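To start, the structure itself, in C-alpha cells.
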Amino acid sequence: MIAQAAYQVRNHSWRQIFDQPEELSAQAGQILRRNDMEGWTRAAPSLYPHQWSWDSAFIAIGLAHLDTRRAAQELRTLFAHQWMTGRVPHIVFNPKAPPESYFPGADHWACAASSPDAPPAPPYTSCLCQPPVHAIAALRIWEVAGREDEKAFAEATDFLREIYPRLFAWHRYLATLRDPERSGLVTIYHPWASGADNSPRWDGALAAVEVGEMPTYPRYDLDHVDDPSERPASAEYDRYLWLVKLIKRADCDERAIYRSHPFLVKDVLFSAILVAANDALLEIAKVVEAPDEERELVDGWAGRGRKGLEKCWDDKLNLCLDYDLRADRSLRVRTVAGFAPLIAGQQSPERLAALLGELASPAFAGHAELRWPVPPSTSPEEPGFHPRSYWRGPVWPVANWLLWWSLIRSGEPERAAQIRRVSLDQIAEGGFAEYFEPFSGKPLGSKEQSWTAAVVLDWLADDVRSAEIEAA
Ligand code: 9WN
0 MIAQAAYQVR NHSWRQIFDQ PEELSAQAGQ ILRRNDMEGW TRAAPSLYPH
50 QWSWDSAFIA IGLAHLDTRR AAQELRTLFA HQWMTGRVPH IVFNPKAPPE
100 SYFPGADHWA CAASSPDAPP APPYTSCLCQ PPVHAIAALR IWEVAGREDE
150 KAFAEATDFL REIYPRLFAW HRYLATLRDP ERSGLVTIYH PWASGADNSP
200 RWDGALAAVE VGEMPTYPRY DLDHVDDPSE RPASAEYDRY LWLVKLIKRA
250 DCDERAIYRS HPFLVKDVLF SAILVAANDA LLEIAKVVEA PDEERELVDG
300 WAGRGRKGLE KCWDDKLNLC LDYDLRADRS LRVRTVAGFA PLIAGQQSPE
350 RLAALLGELA SPAFAGHAEL RWPVPPSTSP EEPGFHPRSY WRGPVWPVAN
400 WLLWWSLIRS GEPERAAQIR RVSLDQIAEG GFAEYFEPFS GKPLGSKEQS
450 WTAAVVLDWL ADDVRSAEIE AA
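The sequence shown maps to residues 0 to 471 in numbering that gives the first Met the number 0.
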C-alpha cells in the first residue's frame with residue numbers, strides 16, 4: 000500500500016510566505032540575472048563560477064519563462080564547446096573566474112585541449128560529461144515560445160533546427176562510445192559525470208581505486224560552505240583527482256579509458272535521463288523534419304535504454320541499481336537514482352505502482368522525521384546516509400524537479416503537484432539553496448544556486464501566467 004503519510008500537507012506553505020507566486024518567481028529571476036555572464040549562466044556565484052553542462056540545461060528551462068531567446072542562447076553557448084565525438088563537456092571554464100575560485104580549474108584541464116577531438120581553446124573544457132537534460136530543455140523552450148507570439152515561436156523553431164544536429168551527435172556519442180556493449184546503459188568513468196558526485200552509490204566502486212602519487216591540491220570549495228561536512232570528504236576528493244589523472248593519461252579517449260580505467264560504472268540515472276531526452280529528441284526530430292533513419296536511431300536508443308534499465312531492476316528494493324563493470328556486480332544502495340524507470344517513462348502499471356510505493360515509503364519521502372516530505376538523495380535507512388553531506392542524504396530541488404516532471408509524464412498529476420508544492424515550501428522557507436538538510440530543512444551548499452532558481456521559475460510559470468491574465 001502506498002504510504003499516504005508522505006503526502007500530507009504541512010501547515011506551513013510557500014503561499015503563507017509569498018502572497019503571490021510572482022514574488023517567489025521574481026526572486027528566482029533575480030538570481031538568474033545575478034548569475035548571468037552574458038550568454039551563459041554561472042552554476043552559482045562563488046562556489047561554481049563556470050558553466051556546467053546539466054546545470055545549463057535546467058537553467059535554460061527556467062530562463063524560457065523569462066526570455067526564450069536567452070534560454071536558447073544558454074544551450075547554444077554550451078554546445079559551442081561540444082567535442083568532435085559529440086561529447087558535451089561537463090564544465091566550460093570561465094576565463095574571467097578568479098584563479099583560486101574552483102579546483103580543478105582550467106589549468107588542470109588545459110591538456111585536454113590537445114586531444115584531436117577537443118573544441119578550440121580557450122575557453123578550456125573538462126573532458127567529462129554530465130546527464131543529458133539538454134534535449135528536454137530545448138523542447139521546453141520551443142513549447143514555451145509557442146505560447147508567446149508568432150515571432151518567438153518562429154525563432155524557437157529555427158533554434159531547434161540549429162541545435163538538432165548537435166543534440167543528435169551528443170546522444171549518438173552516449174549510445175555508442177559510452178555504451179560499447181550496446182546495453183542501453185551509459186558508462187561513467189568518474190563520479191563527477193553522474194552529477195551526484197559523492198553519492199554512496201559509488202562507494203563500492205571507488206573503494207577499489209588505489210590512489211597513487213599525487214601532488215597536494217587546494218580545496219577552494221570548502222571556503223564557500225558553512226561547514227566542510229557539506230562537501231565531499233578528502234578521501235573522496237583524492238580519488239576524484241586520481242581518476243582525472245588517469246583520464247588525462249589516456250588522452251581523454253574513451254577506448255583507452257575503457258581498457259584500463261579502474262572506475263567503470265553503468266549509471267542508471269544518467270541512462271534514464273538519456274531515455275527521456277531521446278523521447279524529447281524524437282519530438283524535436285519531427286519538428287525539424289529530420290531524416291527517417293535518424294528518427295529510427297533515436298527511437299532505438301530510447302527502446303534499448305528502457306530494456307537496459309529493466310535489467311537493473313531489483314525486485315526486493317523496488318529500485319533500479321547501478322552496475323559496476325569492473326567488479327561485475329550491482330551497486331546495492333537506495334538512492335533517488337533508483338527511481339530511474341520513473342524518469343525514463345513508459346513503465347508498466349505494476350512497475351509504476353512499485354516505484355510510487357517506494358517513493359512514498361519511510362525509506363524515502365515517507366520517513367517520519369523529514370522536515371518536508373520530499374525524498375532525501377540517499378535513503379535515511381542506508382548505512383552510507385549522511386544528512387548534511389552533499390549527495391549522501393540532503394534533498395536536492397533539482398532532483399525533485401526531475402521526479403515532478405516524470406510523475407506528470409507518467410500520468411500522476413496529483414503526486415506531481417504534491418512534490419512541486421512541498422519543494423516550493425522548502426525553498427520559500429530556506430531560500431534558493433543547492434541542497435537542504437532533510438530533517439531540519441536547513442539550506443546547505445551554495446546559497447544562490449542557479450538551477451534551484453530555474454526549477455522554481457518552471458514550477459511557478461503557470462501560476463504567474465494565470466495571475467497576469469487575471470490582473471489584465
Ligand atoms: C563537480 C554545479 C555542479 C553540479 C553537480 C554537483 C556539483 C561539482 C563539484 O556542482 O559538482 O562537477 O565541484 O562538486 O554535484 O551535479 O552540476 O552545480
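Just so it is clear, CB atoms sit at the ideal spot from N, CA and C, and this is done for glycine as well. Please read these numbers as outputs of a predicted model, since none were measured by experiment.
Spatial distance of residue i from residue j (CA atoms)
| i | j | result |
| --- | --- | --- |
| LEU273 | THR215 | 36 Å |
| ALA5 | ALA367 | Reliability of the predicted coordinates at ALA5 is poor, the pLDDT of 33 falling under 50, and no value is obtained from them. |
| GLY383 | PRO217 | 26 Å |
| ALA232 | LEU245 | 20 Å |
| ALA310 | VAL264 | The amino acid at residue 310 is misidentified as Ala; the sequence shows Lys. So the two alpha carbons sit approximately 15 Å from each other. |
| ALA155 | ALA362 | 42 Å |
| GLU37 | THR124 | 18 Å |
| ASP321 | GLN129 | 16 Å |
| HIS385 | ALA153 | 48 Å |
| ALA511 | LEU127 | What is shown of the chain runs 0 to 471, which leaves residue 511 out entirely. |
| ASP462 | HIS64 | 12 Å |
| PHE262 | ALA206 | 10 Å |
| GLY410 | LEU402 | 12 Å |
| LEU351 | LEU308 | 14 Å |
| LEU166 | LEU159 | 10 Å |
| PRO199 | SER113 | 34 Å |
| LYS285 | PRO118 | 29 Å |
| ARG333 | ILE342 | 16 Å |
| ILE418 | ASP66 | 26 Å |
| LEU459 | ILE407 | 15 Å |
| TRP201 | ALA79 | 31 Å |
| GLY194 | ALA471 | 42 Å |
| VAL394 | SER378 | 10 Å |
| PRO442 | GLY304 | 35 Å |
| ASP291 | TRP82 | 25 Å |
| TRP241 | LEU23 | 42 Å |
| VAL8 | PRO374 | At VAL8, the pLDDT of 39 sits below 50, so the modelled position is not reliable; the number obtained from the coordinates is stated separately. Their Cα atoms are separated by approximately 15 Å. |
| PRO372 | PRO44 | 29 Å |
Buried or exposed (CB count within 10 angstroms, at least 16 for buried), residue i
| i | result |
| --- | --- |
| PRO98 | exposed |
| PRO437 | buried |
| MET0 | Below a pLDDT of 50, predicted positions are generally treated as unreliable, and MET0, at 29, falls in that range; the measurement from the model is reported next regardless. By the neighbour-count rule (16 or more Cβ atoms within 10 Å), MET0 is not buried but exposed. |
| GLN15 | exposed |
| SER405 | buried |
| ASN10 | Because ASN10 sits at a pLDDT of 43, beneath the cut-off of 50, its placement in the model cannot be relied upon, and the following sentence gives the value as read from the coordinates. That one is exposed. |
| ASP457 | buried |
| PHE269 | buried |
| ASP106 | exposed |
| CYS137 | Before going further, note that residue 137 is Ala rather than Cys in the sequence given. Label assigned to ALA137: buried. |
| ALA144 | buried |
| GLY104 | buried |
| ASP164 | Per the sequence shown, residue 164 should be read as Pro rather than Asp. The residue in question, PRO164, is exposed, as its Cβ has fewer than 16 Cβ neighbours within 10 Å. |
| ALA339 | buried |
| ALA134 | buried |
| ARG464 | exposed |
| SER347 | exposed |
| ILE468 | exposed |
Residues sharing a beta bridge with residue i, DSSP
| i | result |
| --- | --- |
| TRP312 | CYS319 |
| PHE17 | DSSP output for PHE17 lists no bridge partner at all. |
| TYR434 | LEU443 |
| GLN505 | Here the chain comprises residues numbered 0 to 471, so residue 505 is not present and cannot be evaluated. |
| THR377 | THR334 |
| TRP51 | ILE90 |
| ASP35 | THR40 |
Within 8 Å, strictly: CB atoms of residue i and residue j
| i | j | result |
| --- | --- | --- |
| ALA42 | ASP54 | yes |
| ASN399 | GLY356 | no |
| ASP327 | GLY203 | no |
| HIS170 | VAL267 | no |
| TRP300 | ASN277 | yes |
| PHE435 | GLN425 | yes |
| ALA427 | ALA27 | no |
| GLU229 | GLY430 | no |
| TYR47 | TYR219 | no |
| LEU77 | GLN50 | yes |
| ALA96 | GLU73 | no |
| VAL454 | PHE17 | no |
| LEU392 | LYS306 | In the sequence under discussion, the amino acid at residue 392 is Gly, which differs from the Leu named in the question. No. Outside cutoff. |
| LEU173 | PRO131 | yes |
| PRO190 | TYR257 | no |
| GLY344 | ALA275 | yes |
| VAL335 | SER376 | yes |
| GLN29 | ALA466 | no |
beta-carbon residue i near the ligand FAD non-hydrogen atom, thresh 7 Å
| i | result |
| --- | --- |
| SER125 | As for the ligand FAD, it is missing from this structure, which binds only the ligand 9WN. |
| task | Can you list the residues near the ligand 9WN, meaning Cβ strictly closer than 5 Å to any non-hydrogen atom, in the order they appear in the chain? | result | ALA42, TYR47, TRP51, ASP54, TRP191, GLY194 and ASP196
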